[in-house]
Amino acid sequence: MDNEKLNILKLLIENQETPFSIRKISQLRKVNYKSAYYALKKLEKEGAVILKHSGNTTLCSFNRTFNDSVFSVEYERRRELFRNKNFLVIYSDLRKVKAPFIALLFGSHAKGAQNKQSDIDLLVIAEDFKPIEAVLSRFPLSIHTTNIRYKDFIEMLKSREFTVVSEAIKRNIILIGIEEYYRMVENANR
Numbered sequence: 036m037d038n039e040k041l042n043i044l045k046l047l048i049e050n051q052e053t054p055f056s057i058r059k060i061s062q063l064r065k066v067n068y069k070s071a072y073y074a075l076k077k078l079e080k081e082g083a084v085i086l087k088h089s090g091n092t093t094l095c096s097f098n099r100t101f102n103d104s105v106f107s108v109e110y111e112r113r114r115e116l117f118r119n120k121n122f123l124v125i126y127s128d129l130r131k132v133k134a135p136f137i138a139l140l141f142g143s144h145a146k147g148a149q150n151k152q153s154d155i156d157l158l159v160i161a162e163d164f165k166p167i168e169a170v171l172s173r174f175p176l177s178i179h180t181t182n183i184r185y186k187d188f189i190e191m192l193k194s195r196e197f198t199v200v201s202e203a204i205k206r207n208i209i210l211i212g213i214e215e216y217y218r219m220v221e222n223a224n225r
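Per the working numbering, the sequence shown runs over residues 36 to 225.
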């Protein structure tokens with residue numbers, strides 16, 4: 036059951052722009068309605084999901100708050116990404132950077148829709164970009180970085196305008212700074 040709870044949470048994290056009914060979640064996850072319902076109730080109690088009643092339907096969406104379940108899912112999503120050894124090497128080198136920062140993979144690689152010509156889109160949130168750029172410049176890969184300072188990231192989160200941040204938070208894989216990322220998102224929503 037806990038495994039199913041995390042699988043449902045993963046589905047909601049990966050599809051943040053789309054609320055799902057419990058019935059739809061049970062169909063997508065290929066579990067019975069009752070199992071999906073109880074897993075979602077646990078997630079709601081943890082504060083990880085929002086269950087909103089709309090007529091006879093209960094719509095479920097990710098709450099963008101951090102807890103142990105969210106960390107487990109994000110950690111697993113990152114591990115799945117490391118099947119591609121390029122990302123494991125990028126991650127290993129980025130971990131050596133001493134300055135605090137957050138690195139999000141977004142775009143076609145985060146969506147799983149990449150092809151051989153796809154570049155790697157990284158959103159880097161930091162105050163000092165030089166050490167991160169120095170690491171990334173060593174790779175013979177086509178890496179497109181978007182550098183944003185913490186303050187600007189929070190402003191863009193609060194904004195309703197279409198920005199690189201609004202696009203990146205819909206579908207991303209957090210390479211560096213899982214807890215810090217969710218702390219910033221929670222603070223921006225207050």
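Beta carbons are placed, not taken as given, at the ideal position from N, Cα and C, and that holds for glycine.
On a predicted model such as this, the values are computed, not experimentally measured, just so you know.
Quick check on residue i: does DSSP put it in helix, strand or coil?
| i | result |
| --- | --- |
| SER143 | helix |
| ASN38 | helix |
| ASN182 | strand |
| ASN207 | strand |
| SER194 | coil |
| PHE122 | helix |
| ASN50 | coil |
| ASN224 | coil |
| LYS131 | coil |
| PHE117 | coil |
| PHE106 | helix |
Below 7 Å CB to CB, which residues in the same chain sit around residue i once its five sequence neighbours on both sides are set aside?
| i | result |
| --- | --- |
| ASN38 | none |
| VAL66 | GLU39 |
Can you tell me whether residue i is buried or exposed, with buried defined as 16 or more other CB within 10 angstroms of its CB?
| i | result |
| --- | --- |
| GLU109 | buried |
| LEU147 | Note that residue 147 is Gly in the sequence shown here, rather than Leu. Burial call: exposed. |
| ALA169 | exposed |
| PHE197 | exposed |
| GLY90 | exposed |
Practice task
Output the residue ranges of the alpha helix (DSSP H) runs that lie fully inside the stretch 134 to 179 and measure 4 residues or longer, sorted by chain position.
Solution key: 143 to 146, 165 to 171
Exercise for the section: For the stretch 53 to 98, list the alpha helix (DSSP H) runs that are entirely contained and at least 4 residues long, ordered along the chain. Expected result: 57 to 64, 68 to 81
Handout entry: Stretch-stretch touch, CB-based, cutoff 8 Å, three pairs: the stretch 196 to 207 with the stretch 68 to 85
Key = no
Handout entry: Sufficient close CB pairs (3 or more, under 8 Å) joining the stretch 183 to 191 to the stretch 59 to 74
Key = Contact between the stretch 183 to 191 and the stretch 59 to 74 is absent, because fewer than three Cβ pairs lie under 8 Å.
Handout entry: Inter-stretch contact at 8 Å, needing at least 3 Cβ pairs: the stretch 205 to 222 / the stretch 118 to 135
Key = Yes, they touch.
Problem - Cβ contact check for the stretch 43 to 57 and the stretch 95 to 106: 3 or more pairs under 8 Å - result: Contact between the stretch 43 to 57 and the stretch 95 to 106 is present, with at least three C-beta pairs closer than 8 Å.
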